[in-house]
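Q:
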Amino acid sequence: MAECAKELFCGLPRSLLWSPQPDSNRPNTPEMAQLSLASRESENSATSKLTFRLTGSFETVIRLRPRANVTLVGWNLAPGKPPMVGLGEHYIQVDHGLPSNESFMLELDLQTNGTLPALRVDPLVDISVATLFCEYHEHFTKRFTALVSSFPDWTAVVPCVRVVNIYSF
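In terms of our numbering, the sequence shown opens at residue -14 and continues consecutively.
#1: Restricting to Cα atoms, I'd like to know which of Arg50, Asp138, Phe118 is closest to Leu72.
#2: Just how far apart, CA to CA, sit Glu44 and Thr32?
#3: Considering only the alpha carbon of each residue, which of Gln6, Asn13, Ser9, Pro7 lies closest to Tyr121?
#4: Taking DSSP as the reference, what is the three-state secondary structure of Ser24?
#5: With DSSP as the reference, identify every bridge partner of Phe89, one or two as the case may be.
#6: Buried or exposed for Gly65, going by 16 or more other Cβ atoms inside 10 Å?
#7: Near Arg(-1), which residues of its chain fall below 7 Å by C-beta distance, leaving aside the five closest residues on each side in sequence?
#8: Between which two residues does the alpha helix (DSSP H) carrying Phe129 extend?
#9: DSSP state of Asp8, grouped into three classes?
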């Protein structure tokens, strides 16, 4: 898609067919992952540390992409420079067994180019959080239940809903 060369996270998640939904048709996702900024510190004139708290479901995909003139130089997930995938984005798959009332902390070390002070670039990064809900029958809407029921008996339908939220910090 030509627009993907210019639009951030165009087609996200890339492996699935999805479309935005109006408020009147939103799925019931009570444990949807939520990302919040816990702190933002300027370490020097060109470097900022952003600390995030992720709460809710922990079958989540996080994609982050620094803005123009900003580079992700480190994070708390692994030593060294974070690898890039796709169109200059960083990919994080979060799957673990913590109860949903515990937080997952993510720290990002971001550096601006030498001519821009870190606090003057705002926002520094765009982050998408995609939460996957499979077999959450008790939370299906009537419309989704009707869709799942419309398939023939000989099919093996694994009903899943993915909720995507995009943030800028």
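We put the CB at the ideal spot given by N, CA and C, even for glycine.
A: Inspection of the coordinates gives the following:
#1: It is Arg50 whose Cα lies nearest to the Cα of Leu72.
#2: If you take the alpha carbons of Glu44 and Thr32, they lie about 31 Å apart.
#3: Residue Asn13 is the option with its Cα nearest to Tyr121.
#4: Ser24 falls in the strand class under three-state DSSP.
#5: Note: Phe89 sits in a beta bridge opposite Leu39.
#6: Counting Cβ neighbours within 10 Å, Gly65 comes out exposed, since fewer than 16 surround it.
#7: Confidence in Arg(-1) is poor, its pLDDT being 49 and thus under 50, which makes the residue's placement unreliable; the coordinate value appears in the next sentence. Taking C-beta separations shorter than 7 Å and ignoring five residues to either side along the sequence, Arg(-1) has no partners in its chain.
#8: 127 to 134 is the extent of the alpha helix (DSSP H) around Phe129.
#9: Looking at Asp8 - three-state DSSP - the assignment turns out to be helix.
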